[in-house]
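Chemist:
Protein chains: 2
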Amino acid sequence: MKQQLTVIKIGGNIIDNPTELTQFLSDFSKIEGAKVLVHGGGKSATKMAQSIGLTPKMVDGRRITDAPMLDIAVMIYAGQINKNVVAELQANNTNAIGFSGADGNLILSEKRNHPTIDYGFVGDVKKVNTALLQKIIGLEIAPVFCAITHDKNGQLLNTNADTIASELAIALSEVFEVTLNYCFEKAGVLTDVEDENSVIQQINSELYAKLKEEGAIHSGMIPKLDNCFNSLSKGVQKIKIGHHKMLKNADAIYTSIQL
Amino acid sequence: MKQQLTVIKIGGNIIDNPTELTQFLSDFSKIEGAKVLVHGGGKSATKMAQSIGLTPKMVDGRRITDAPMLDIAVMIYAGQINKNVVAELQANNTNAIGFSGADGNLILSEKRNHPTIDYGFVGDVKKVNTALLQKIIGLEIAPVFCAITHDKNGQLLNTNADTIASELAIALSEVFEVTLNYCFEKAGVLTDVEDENSVIQQINSELYAKLKEEGAIHSGMIPKLDNCFNSLSKGVQKIKIGHHKMLKNADAIYTSIQL
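As they're listed, the protein sequences go chains A and B.
Residue 212 in full-length UniProt numbering sits at position 212 of the first sequence, and the numbers go up by one each step.
Residue 247 in full-length UniProt numbering sits at position 247 of the second sequence, and the numbers go up by one each step.
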């Protein structure tokens with residue numbers, strides 16, 4: 001039987017709140033067995049860009065990662081956030097190593113090639129170096145990934161953190177039995193975004209199709225759930241979406257995703 | 001017999017010059033066997049500090065690392081420089097991983113406790129995690145260290161890159177036969193700083209004492225050479241100081257340090 005492995009993705013809402021982050025990292029440290037953390041960016045990159053006078057570039061309502069914005073993303077995600085998270089995990093006696101996708105060629109991506117929009121330095125994941133990642137986890141290391149990858153031609157690329165978590169979970173499910181946890185500010189997928197009590201506790205592809213059609217699930221939740229169903233179909237064992245307190249409290253409510 | 005390992009420290013002059021850096025990283029990739037790179041910071045941290053309106057804090061002519069300066073150092077050294085160096089090494093088919101001392105608890109330090117000067121968030125190295133570092137090198141990984149360490153209480157600390165190179169070389173000499181190379185803008189230790197032809201090709205502790213007394217060796221070169229003699233006395237096999245072209249050209253002139 002395969003060894004269990006927990007992949008956890010935390011978003012900007014935890015990164016931007018030092019008290020929440022400290023609580024989460026303490027909880028993360030208590031999770032037994034092999035584990036991988038993926039963190040998003042939060043607001044510091046935007047703040048830093050503003051403070052040096054950069055304006056985020058938008059095309060058709062989409063944010064474009066131009067060279068100066070990529071530079072800031074690398075500094076903040078791979079530098080400031082990643083290293084402070086690792087240092088705090090070390091203080092919690094979790095032996096973590098922070099990674100971008102360039103490190104160990106762990107996540108190879110390619111610059112997005114969209115027919116009409118030039119997204120700039122945005123990478124779509126091509127390949128996870130599962131063999132090396134498995135060896136690193138075998139050294140009792142908890143890998144901590146930021147949302148920066150590379151193209152193996154010397155170019156770093158900004159990459160969606162949800163996608164990184166999903167691609168890592170898929171790749172690692174070859175060798176581990178993987179549970180993927182998406183932690184965000186809500187208790188789960190809600191039928192009514194205003195009502196924290198409207199958590200859908202179980203969702204499968206049939207119910208997902210129905211709720212999308214009814215408009216109960218919409219906007220940012222759609223790519224998140226598409227990622228989830230994609231991961232499950234490619235071998236990930238279990239997926240949970242909810243507030244990070246679900247990691248600690250056995251009786252917490254969250255959304256469990258099934259095929 | 002122990003396996004050979006090459007530790008190379010590069011300074012700001014290479015980091016600040018993209019053409020030199022690209023050449024150096026290509027040369028580094030061609031070095032056979034186990035190798036470790038340590039990089040300094042260059043001018044980008046100062047530039048970034050200026051562009052967000054921070055003034056470097058000085059006390060008695062010494063630069064103090066206050067909290068905002070540490071934050072910038074982490075972003076630039078562990079983020080921007082380290083990840084771009086790693087991505088360029090990957091493009092050269094060298095499987096590198098970038099590290100701060102917090103990653104893998106590889107370099108534990110303590111906040112400098114000086115009787116009269118508060119240096120701020122500056123760390124003096126206490127311990128290298130040789131066992132883990134050896135395992136990582138055993139995975140055919142080239143570790144790339146920036147000059148950031150941690151205290152294992154969650155605090156990142158700014159640390160001198162020459163010292164990091166020296167402490168890594170000393171620790172690794174327990175298990176490898178280590179050559180330590182300090183690359184900088186000169187061809188070696190000069191008796192006349194204006195004359196590139198005045199390279200001292202061999203220096204031992206006796207000659208060092210004499211040249212210090214005569215004033216031929218002074219200022220920044222003294223802590224560098226003190227580091228070297230300390231490293232040799234603690235097990236490092238061989239030390240070279242010179243321009244990075246010494247790594248490639250067998251007939252290049254450099255300074256060789258002996259006890």
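Glycine residues also receive a C-beta, built at the ideal position from the N, C-alpha and C atoms.
If you're wondering where the values come from, they're calculated on a predicted model, not measured in any experiment.
1) Going by alpha carbons, who is nearest to residue 219(A) out of 203(A), 86(A) and 193(A)?
2) Of all the options 162(B), 224(B), 157(B) and 177(B), which has the alpha carbon lying nearest to the alpha carbon of residue 189(B)?
3) Run through chain A and tell me which residues come within less than 7 Å of residue 150(B), C-beta to C-beta.
4) Please report the distance separating the alpha-carbon of residue 82(A) from that of residue 113(B).
5) How is residue 31(A) classed by DSSP in three states: helix, strand or coil?
6) Note down, in chain order, every chain A residue with its Cβ under 7 Å from the Cβ of residue 100(B).
7) Where does residue 53(B) fall in DSSP's three states?
8) Find the residues of chain A that neighbour residue 97(B), judging by a C-beta separation of less than 7 Å, and give them in chain order.
9) Could you compute how far the alpha carbon of residue 166(B) sits from the alpha carbon of residue 2(B)?
10) What residue does the beta strand (DSSP E) around residue 3(A) start on, and which one ends it?
11) Quick one: give me the first and last residue of the beta strand (DSSP E) that residue 96(A) is part of.
12) Out of curiosity, what's the CA-to-CA distance linking residue 254(A) and residue 201(A)?
13) With a cut-off of 8 Å, do at least 3 Cβ pairs link the segment 29-45 of chain A to the segment 30-37 of chain B?
14) Identify every residue that forms a DSSP beta bridge with residue 238(A).
15) Determine the closest residue to residue 15(B) out of 4(B), 42(B) and 88(B), with distance taken between C-alpha atoms.
16) Exposed or buried, residue 53(A), counting other C-beta atoms within 10 Å across all chains shown (16 or more means buried)?
17) Please name the residue in 124(B), 176(B) and 206(B) whose C-alpha comes closest to that of residue 111(B).
18) How would you write the range of the beta strand (DSSP E) that residue 256(B) sits in, first residue to last?
19) Is the Cβ-Cβ distance between residue 128(A) and residue 107(A) less than 8 Å?
20) From residue 45(A) to residue 77(A), what does the alpha carbon distance come to, in whole angstroms?
21) Using the Cα positions of residue 69(B) and residue 49(B), report the straight-line distance between them to the nearest angstrom.
22) Helix or strand or just coil, what does DSSP make of residue 139(B)?
Modeler: On the basis of the supplied data:
1) Of all alpha-carbon atoms in 203(A), 86(A) and 193(A), the one lying nearest the alpha-carbon of residue 219(A) is that of 193(A).
2) Residue 224(B) is the option with its Cα nearest to residue 189(B).
3) From the beta-carbon of residue 150(B), the residues of chain A found nearer than 7 Å are 87 and 90.
4) Each residue's Cα considered, the two are about 27 Å apart.
5) In this structure, residue 31(A) counts as coil in the three-state DSSP scheme.
6) Ordered by position in chain A, the residues that pass the 7 Å Cβ test against residue 100(B) are 83.
7) Assigned with DSSP and collapsed to three states, residue 53(B) falls in coil, not helix or strand.
8) Residues of chain A passing the Cβ test: 103 and 104.
9) Their backbone Cα atoms lie some 19 Å apart in a straight line.
10) Segment 3-10, the beta strand (DSSP E) holding residue 3(A).
11) Segment 96-99, the beta strand (DSSP E) holding residue 96(A).
12) Annotation: residue 254(A) to residue 201(A) spans about 6 Å, alpha carbon to alpha carbon.
13) Output reads no: the segment 30-37 of chain B does not touch the segment 29-45 of chain A.
14) BP columns for residue 238(A) point to 179(A).
15) It is 42(B).
16) By the 10 Å Cβ count, residue 53(A) comes out exposed.
17) Comparing Cα positions, the closest option is 124(B).
18) From DSSP, the beta strand (DSSP E) with residue 256(B) extends over 255-257.
19) Residue 107(A) is positioned such that its CB atom lies closer than 8 Å to that of residue 128(A).
20) Here the C-alpha atom of residue 45(A) lies approximately 8 Å from the C-alpha atom of residue 77(A).
21) Going from the Cα of residue 69(B) to the Cα of residue 49(B) covers about 7 Å.
22) Three-state result, residue 139(B): coil.
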